[in-house]
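Number of protein chains: 2
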Amino acid sequence: MSNNTTPIQGSCQVVITGGAGFLGVRLARALLAQGKLSLAGAAPVDIGRITLVDRAAPPDDVLADDRVTALIGDLNALLESKEAAVPVVTAQTAVVFHLAAAVSGECEADFDLGMRSNFAATLTLLENCRALKAKPIVVFASSLAVFGDAPGVPLPPVIEDNTLPTPQSSYGIQKFIGEQLMADFTRKGFIQGRSVRLMTVSVRPGRPNGAASSFLSGMLREPLAGIRATCPVPADTPVALSSPARTIAGLIAAAQASDQTWGPRTALTLPALTTTPAEMAAALERVAGPEVAALIDWTPDAAIHNIVKTWPARISARRAAGLGLLPESSFEEIVREYIRENTDAIRSAIR
Amino acid sequence: MSNNTTPIQGSCQVVITGGAGFLGVRLARALLAQGKLSLAGAAPVDIGRITLVDRAAPPDDVLADDRVTALIGDLNALLESKEAAVPVVTAQTAVVFHLAAAVSGECEADFDLGMRSNFAATLTLLENCRALKAKPIVVFASSLAVFGDAPGVPLPPVIEDNTLPTPQSSYGIQKFIGEQLMADFTRKGFIQGRSVRLMTVSVRPGRPNGAASSFLSGMLREPLAGIRATCPVPADTPVALSSPARTIAGLIAAAQASDQTWGPRTALTLPALTTTPAEMAAALERVAGPEVAALIDWTPDAAIHNIVKTWPARISARRAAGLGLLPESSFEEIVREYIRENTDAIRSAIR
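If you read the protein sequences in the order shown, they are chains A and B.
Just so you know, we're using my numbering here: the first sequence kicks off at 1 and counts up by one.
Just so you know, we're using my numbering here: the second sequence kicks off at 352 and counts up by one.
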């Protein structure tokens, strides 16, 4: 971790909001590993600094890198204080990955929290970027949650790039409003905005959370650690998933694509693998054996099923394909990737 | 104009923002004339009070009605001052028609003005409504400007109720964000929201304004007053228009429709007549004679044509039709309506 804020010649500076979260840390690691970034199609330049903005501190191994700075605090407070000793974005900021957000369950339980964390923070961040002389690239993590099935506006069988989003949650509405702000700030020349809609990510490492989608990681992660887990929806329920690696690849591609390759200012939907819990369990059995797959309890929960069945499960991500972003070919590939990356965690859990 | 703020038993109170504007005054006159309002499909009740909120005072004949109160000031300031002697909405407010807005040209020239007048005012109004114990009906005047033709996301030949809006102006983005806020405040049970997308209104009485669409009224209104007027686009350019009367009918129908008739929380696009300047001039000639139609100068202006040609011209307003809202059958009908309603203005102008 460096305290030196002098810009490095011929290099670029990156800001990641939500930088201590699962995706933020993973994105930072990927950027540090690749070392260079091609800014909207330009020749690659060294990444001189990555600022991770979050309420929590990032892990020590990331902080140990000289190129990493942590800015710890409430994002709204950091953005709103105009005389902050260390502003979130500066004249040297070339790329902002805006991942910070309150999750859907929180936003549904506390409307004002969602409006502050997801809507107001996004608007204030964009205003801060607009105030800079340079025009930073802003990659905004939107979500498949902008789509929702509702009476009178049923979802089409397959989500296309030009499908009308009709969000059925405050989280989805706030993300969709963020996409609109991104589009207009870009059109006005205040920023170079790239909105990407992220899929449900599986397999997430760590612990279960309160999200209705939690089981889509848990039903793999827990059995692999020797722990029973529940699948609360019918085994043939179609679901759209993406691995952590492909999700990060999508975020980086958004920053690196030229304007022409990127296309319109509307959000780009990332690719997803359409699978079912039955197929996921079968993949787990093939990779880890029947005794591991047998740790899944198939216990229906109507409340969770009622939420999950309103989510789009089939995505035609043509724009993403044009950027070379494709879904995994099978869930087995995702399970093998998770095991490869989490060998230590799995071993220590089983021990 | 009444200063008595005591609610009248068995009656309802209406608020109109932008109440001194062309549509606001016309809506007030229509509501005063019908005297009753069916609130979201309920049995009709008397309209006890109409509060017209605007920077300007409404005309004397409207103010002369005992049921009318004027609240004069900046809408944002009125909404933001929590200790205002006369708040914009009160526990007695049954219906709010939110028409106040900065127009598209202003919003394009002054981004911050648009964000304040169109976006922030709408959010603050909705928050004020949410703070009430009752759940008022809020009718939000959105606009066909949410649709815009752009590279990579061309408009379909006909706009349907589920066409993806891709606004190409700050005004359009702000209106589309307003639609999203309306949908979520409604879903959460804070208000009973109804968003309607208004068409270009023709024939508007009064003077030309800076809007690119100004000629669509001026090329009729000015010749009828004996004044030369310019049509700046090719005579065969398709345009979508609605008369003042049908626009007001759409706003009132939005307040009166039952939830079931109204349908989803997405915005309802009002019907439009698709015509061309050539057809408009021919209608003028049939109604008012060739010497009046000859007062139109056909002088192309590339800047205006480049804007007008990105506007959708063909609308399939199926949801509106389900509410009994239909477009005029011909532009001639619109011209005759304008002459009927503006005989005095036309006579005095010619004299």
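Beta carbons: idealized from backbone N, C-alpha and C, even for Gly.
For chain B, is any of its Cβ atoms less than 8 Å away from the one on residue 274(A)?
-> no
Could you check if residue 226(A) is buried or exposed, using at least 16 other CB atoms within 10 Å of its CB as the buried criterion?
-> exposed
Burial state of residue 437(B), where buried means 16 or more other Cβ atoms lie within 10 Å | exposed
Taking only the alpha-carbon atoms, compute the straight-line gap between residue 286(A) and residue 27(A) and give it to the nearest angstrom.
-> 30 Å
By Cβ distance, which residues of its chain are closer than 7 Å to residue 362(B), with the 5 residues on each side in sequence left out?
-> 396, 397, 398 and 399
Residue 492(B) versus 588(B), 508(B), 503(B) and 551(B), residue with shortest Cα-Cα distance = 551(B)
In the DSSP assignment, what are the bridge partners of residue 480(B)?
-> BP columns for residue 480(B) are empty, so no partner.
Please list, in chain order, all residues of the same chain as residue 533(B) whose beta carbon is under 6 Å from its beta carbon, the five residues on each side excluded.
-> 491, 544 and 546
Nearest chain B C-beta to residue 126(A) closer than 8 Å, yes or no?
-> no
Only counting runs of 3 or more residues, tell me where the beta strand (DSSP E) segments fall wholly within the segment 124 to 180 of chain A, in order along the chain.
-> 137 to 143
CA nearest to the CA of residue 249(A), picked from 53(A), 198(A) and 222(A) | 198(A)
By a C-beta neighbour count over all protein chains shown, 10 Å radius and 16 as the cutoff for buried, is residue 519(B) buried or exposed?
-> buried
Does the beta-carbon of residue 82(A) have 16 or more other beta-carbons within 10 angstroms, so that it is buried, or is it exposed?
-> exposed
Neighbourhood of residue 261(A) by C-beta, 8 Å cutoff - its chain only, sequence neighbours within 5 removed | 41, 322 and 323
At a Cβ threshold of 8 Å, is residue 175(A) touching chain B?
-> no
Residue 561(B) burial status per 10 Å Cβ neighbour count (16 or more: buried) | exposed
Rounded to whole angstroms, how far is the Cβ of residue 215(A) from the Cβ of residue 237(A), which I believe are closer than 8 Å?
-> With a Cβ gap of about 11 Å, residue 215(A) and residue 237(A) do not count as contacting.
Grab me the residues of residue 207(A)'s own chain with a C-beta within less than 7 Å of its C-beta, minus the 5 sequence neighbours each way, in chain order.
-> none
Best match in 488(B), 422(B) and 568(B) for proximity to residue 689(B) [C-alpha to C-alpha] = 568(B)
Output, in chain order, the set of chain B residues within a Cβ distance shorter than 7 Å of residue 111(A).
-> 539
C-alpha gap between residue 355(B) and residue 693(B), whole angstroms | Any reading at residue 355(B) must be qualified, since the residue scores a pLDDT of 46, below 50, and its modelled position is unreliable; the value itself is stated next. Cα to Cα, the separation comes out at about 34 Å.
Where does residue 122(A) fall in DSSP's three states?
-> helix
Relative to the alpha-carbon of residue 661(B), which residue among 604(B), 428(B) and 498(B) has its alpha-carbon at the smallest distance?
-> 498(B)
Which residues in chain A sit within 7 Å of residue 535(B), going by Cβ to Cβ distance?
-> 170 and 173
Host alpha helix (DSSP H) of residue 304(A) (start-end) | 302 to 308
Establish whether the CB of residue 605(B) and some CB of chain A are separated by less than 8 Å.
-> no
For my contact list, residue 442(B) and residue 485(B) are in at a C-beta cut-off of 8 Å; report their separation, rounded to the angstrom.
-> 6 Å
Among residues of its own chain, excluding the 5 on either side of residue 31(A), which ones have a beta-carbon nearer than 8 Å to its beta-carbon?
-> 14, 37, 47, 50 and 252
Short Cβ contact (8 Å threshold) for residue 563(B) with residue 663(B) | no
Buried or exposed: which applies to residue 385(B), given that a residue is buried once 16 or more other Cβ atoms fall within 10 Å of its Cβ?
-> exposed
Around the C-beta of residue 702(B), are 16 or more other C-beta atoms found within 10 angstroms, so that it is buried, or is it exposed?
-> Residue confidence for residue 702(B) is low, a pLDDT of 48 falling below 50, so the modelled location carries little weight; the figure read from the coordinates is stated next. Looking at its Cβ environment, which holds fewer than 16 other Cβ atoms inside 10 Å, residue 702(B) is exposed.
Within 8 Å (strictly less), CB to CB, does residue 264(A) reach chain B?
-> yes
Which whole-angstrom value describes the C-beta separation of residue 464(B) and residue 458(B), a residue pair presumed to lie in contact below a C-beta threshold of 8 Å?
-> 7 Å
Counting Cβ pairs closer than 8 Å, one from the segment 522 to 541 of chain B and one from the segment 463 to 483 of chain B, do we hit at least three?
-> yes
Between which two residues does the alpha helix (DSSP H) harbouring residue 463(B) extend?
-> 462 to 465
In or out: residue 158(A) buried (at least 16 other Cβ within 10 Å) or exposed?
-> exposed
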